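Residue numbers (the numbering used here), protein chains in the order written: chain A, 1 to 373; chain B, 1001 to 1373; chain C, 2001 to 2373; chain D, 3001 to 3373.
Right under this line is the structure:
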């Protein structure tokens, strides 16, 4: 009986368990393959107990569960693995061990669900002869070549609902609410979550902002009768002119280890602009929770395609989404690029035109509203 | 100041208010147009009070609200409007009145958000000289030419969560749960909701089913140790060989006005197959509720594109979704087609391969499970 | 090491797994008892494989899960168990076998989570010497002596959210929406769910209704400018004068096996009153799903109290809720009563005063509203 | 026609709009009173435009909305109102002005929905002759004399779901997750939310904690095979021996204006205990959002009782919840006390017995688990 292994690497994303479930079900029920699970990413191949059989029973109840039953505790790159030798930490290439283990396990295919980093390693292993098929995964939506990655829709729903919850309390108290969202390099969660959650200001890594524009925007809103403003900030958003997050000239603040730009924006608005401000850091809420229907479906679809690619021996490919259908792209191509928010894209343009401020320039001004009773 | 009108036609869908909001905001803030709302679809043009100004204040709190603030109470086709004359109901073409009203209102553009029927009328009005731009809308996802329609994602989430809630209670009581979902002609909600909600059997209009296959599938599942089965049925699903829904030869049942195929499938499984069965009819829950983040974003994006098309005088176009970006297609093209689930598509194929039964043939069989303690 | 068993009987309710979890954790971690699980209610004592050890690991991930990991597939009353002898079905008292098995298992306590029926059996077993402690459970909230039962809050949230989703779509289309909710004998879910979901008409078993009052109420609402009406109907609601559900004089309809009073009310409103009506049957959605925070907390609290009662050898008691604290009542007392909605209670009175119709009399009339633009 | 006013004071809580709605509906429809709304708490009585008629139409769609349509932007105490005179801020007693305004408005009753502070002012106004009836409101559940306050259940659900979302991602990455929850003086949200969300460590103001106990608990959990730990921290939780939050001897940290104890606990666990830790600050998410079914029902019930108290001229009373029924208590009594978590109460005891650590002592230890594959 032919056999494939499945592994999940990098940060977890809602939908990983749907991938594992679909791989086991399709491979077992339709193609008669055996499926093995690999624990904690590529590390599982270096661990004597790291590879084990996955049965239909193991995946019975996992479709709706967040996280990954295979674990993702590790980001070990087998081409540059941290080891301690003679009291010193160093990076060692152990990829040959991985390749050897895959050989000794007699694996006919390895399905790898992961983001940028994990897929890049998959590509390198493919070039060393490992029969790899990739499945793109990341809540950040920053994998090139696919219309969407699973986990993203769930994260956007989480962000949008958080923003939405804040509207009524912000209005009742005439406050600014700042919400820091995930996204170190890519602002997709903040852009789409902000649009869907009715944010007034959206700050993303791809569009450097100016503190003064924030203050002006908030003050214009107040002048025009708005009782509150909602600010969605990506954790990787930065002011123009550098990566420092100094709130005011003269401040000697340092980026804190926990918490970040949201606190700085909040402090600035409260202290410099003089508007009552509250800050929420959503953090890992965005990575957790049960996947949305879209993410369950997407994860299942990509996994189904990956199994077919594996069974047909089309290795070195990634299963991607194209206009709501599965398609395949070479790993070489996908891993060579990253995806970022294009500041000229539709979503940004529409957001700007509908009055959202991105912190780089003032938004179009609404006329002074007539007084409400 | 140039002015555009916006109307929403046909059944309501979560996201319509996001369209109205984005049209008012973009047109007013960025392009300096006046926006008018049209009440209750095309009927508003025949009603002296049916067209009224829409301001920024009117759309302030509506992004997250289901339904449509413009109303959708009517499906009047101005080319074939029901009127009663001399005690008899007849269809009359009043489209000239609509065209005249649009002229007298000095509208520079009319943005029409609707499904098949509404867009078809929009096309016909365009050919009579009305400066129309379309926005596709339907929870059924059956509009041709767009990757997705808003309202669909919300409906699929609703369906998936309903199915998910039933798993644990079905297992606790060793029952079959049948859930009837929306979709008279197109099975998208049932297919995607069923996939995401972990359905074991999915019945859609595009794939006629056989009652006997349902019974066999349920019985095989019981024999293999599954404590329950979940059946997702589109309201338009029908058995092979005709549109009748007769459960057993000899039954003289008639399709009830309220409720439908779900009850028949449930009755059949309970009485003929002898398995305890419960039926849920989700009904209009799927059409109601706050739009998902995806639908809010999609509705906003298409509305933004529609405003740009209108401002640029590109009439007779529909704003559609292509790979997560807005694009435009001619109304003639969009209204000339319908979209249905292709029984050979990815989603169906992956579903079949992962063990889901579509009622036309037995699914791949799992091996007999080992007994659990 | 002393040992207790835990069993769950009757229909499942969200929170049962929280009970099992808290019993295992408290008994094991704090009191050093062993815990056994009993499969499928009292039946487990008659099944050689029906009783098995429950460990901390078994309850690790179940707090948020609906259903019961012990199963509830059976309602077998050991005092009157259905058996087939000589081809005939008869009821046999096998309670001595149950008592004997409990003895041979050397159980120092048996914790029984169940509703009316299950607790009545527990009382009878207690009088035969079994060291029983009860935990009341039912989504219907009809157990006497406790401020609330777990499962109820989850069911009410489910019902309220379903009603809420229907408002916008009902308004958009000027329709009546009828939602059939659980409750054969007690109307608590419909009363509280209806109040929380903004129902206009609430029909419960404790207050017989008249069809004509429904029609009048809906028509008065239409006359006063309301675009829609929402009707919440308990499955056990019945018209005055009998248990039949005949919609109109002359109708020869029979109560259908699947579906029920909701369909009749819907049919009546559509055909006799002439208002467009849609019907939703929520069904087992109300019994499924993850427990609400309140139900998780309540289930945990009652289980903790039950363990303390057991450890202190206070048998024949039920752990109940009194003003947000756990308390104990004799099984004899709890099992001797049922709880129903008192038609004169606060909730009904407040509902009536705020304009809700219970179908027995017209609600207070709102003045004619001023026309909206 | 007699007339009553309704005002909402202090921080907003989900359910305030349900109170306003029920007051308007009951008073108008059943008792024929006129209802006036007071804007922004007691301040409305000092503002010429601060009191205005509330109609049935004004409250039509607000049952499910968070916040308060009356505004709560102000915490002005008319007995000690901040004013600036001669460039200096001072506190002035303007209560006579409020009393005079209430007289000139010919109010027969004033219904005040608020927490501790607001109800204390209501009591003082009552003793100056104002016909006041109180409705207790606070997400913190710290009002004495009522089984529960509305807003609390919604906040607990929000907290529990946040904790729940973190479980899978915490496990996937072998991390500690710290979630800071609301509650400066009272730990109810953290206690009940933590119980319902499966927290392993719960820190509340009423039980001072020791940093070292946190570290030991987390390390014991790791030693026993738990892949993650979830810590729920009330914003008012403090270490033993003082109110400072210094993480380690020698640290010169100061409590930050934004963010707080959660960051300190997170920093301590990461840096001193050496376990990877992430921090989430839920913030105002807990105060926002649509009220839960329980809170909608509770708010409606208390408002109905308050209207009856007003109509029957029973002033100086507060409508409270007693065993799921409305009751009345003197304002003097309610405003004289506060409610805090009793460290010996049921909920804490059950939590401790089931293995939860409160930071003051190590929890009962689970046995070493057997290795999982």
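Cβ atoms here follow ideal geometry from the backbone N, Cα and C, with glycine treated the same way.
Predicted, not measured: the structure shown is a model, and the values here were computed from it.
Is it the case that the Cβ atoms of residue i and residue j are separated by a distance below 8 Å?
| i | j | result |
| --- | --- | --- |
| residue 358/A | residue 209/A | yes |
| residue 2038/C | residue 2050/C | yes |
| residue 2108/C | residue 2131/C | yes |
| residue 2339/C | residue 2142/C | yes |
| residue 159/A | residue 205/A | no |
| residue 3059/D | residue 3025/D | yes |
| residue 3036/D | residue 3054/D | yes |
| residue 34/A | residue 81/A | no |
| residue 2341/C | residue 2191/C | yes |
| residue 1170/B | residue 1177/B | yes |
| residue 1273/B | residue 1218/B | yes |
Report the rounded CA-to-CA distance for residue i versus residue j, giving the unit in angstroms.
| i | j | result |
| --- | --- | --- |
| residue 93/A | residue 72/A | 20 Å |
| residue 99/A | residue 212/A | 54 Å |
| residue 2018/C | residue 1229/B | 25 Å |
| residue 227/A | residue 2288/C | 40 Å |
| residue 2128/C | residue 2134/C | 15 Å |
| residue 201/A | residue 232/A | 6 Å |
| residue 2042/C | residue 2013/C | 17 Å |
| residue 2173/C | residue 1063/B | 19 Å |
| residue 125/A | residue 1165/B | 42 Å |
| residue 216/A | residue 240/A | 16 Å |
| residue 2294/C | residue 2136/C | 15 Å |
What are the boundary residues of the beta strand (DSSP E) that residue i is part of?
| i | result |
| --- | --- |
| residue 2354/C | No beta strand (DSSP E) contains residue 2354/C, which DSSP labels as neither H nor E. |
| residue 2319/C | 2317-2322 |
| residue 3203/D | 3201-3203 |
| residue 281/A | 277-281 |
Quick one: measure Cβ to Cβ for residue i and residue j, integer angstroms, because I've assumed they're closer than 8 Å.
| i | j | result |
| --- | --- | --- |
| residue 179/A | residue 195/A | That belief does not hold up - the Cβ atoms of residue 179/A and residue 195/A are roughly 14 Å apart, past 8 Å. |
| residue 2285/C | residue 2234/C | The Cβ separation is near 15 Å, so there is no contact. |
| residue 303/A | residue 23/A | 5 Å |
| residue 1343/B | residue 1207/B | 5 Å |
Over the uninterrupted alpha helix (DSSP H) stretch that includes residue i, give me the two end residues.
| i | result |
| --- | --- |
| residue 104/A | 95-104 |
| residue 3326/D | Element bounds for residue 3326/D: not the alpha helix (DSSP H) but the beta strand (DSSP E), 3325-3330. |
| residue 1191/B | 1188-1197 |
| residue 2120/C | 2116-2127 |
| residue 2266/C | 2261-2271 |
| residue 2181/C | Element bounds for residue 2181/C: not the alpha helix (DSSP H) but the beta strand (DSSP E), 2176-2181. |
| residue 296/A | 293-311 |
| residue 164/A | 152-173 |
Beta-carbon within less than 6 Å of residue i's beta-carbon, same chain only, minus the 5 sequence neighbours each way: which residues are those?
| i | result |
| --- | --- |
| residue 120/A | 335 |
| residue 1247/B | With a pLDDT of only 41 at residue 1247/B, under the threshold of 50, the placement of this residue in the model should not be trusted, and no figure is reported. |
| residue 1291/B | 1014, 1015 and 1154 |
By Cβ distance below 8 Å, which residues in the same chain neighbour residue i in space, the five residues on each side in sequence not counted?
| i | result |
| --- | --- |
| residue 2317/C | 2133, 2134, 2309, 2328, 2329, 2330 and 2331 |
| residue 3326/D | 3301, 3302, 3304, 3305, 3319 and 3320 |
Who are the near neighbours of residue i in its chain, counting only those whose CB is closer than 7 Å to its CB and skipping five residues on each side?
| i | result |
| --- | --- |
| residue 2032/C | 2001 |
| residue 175/A | 228, 276, 277 and 278 |
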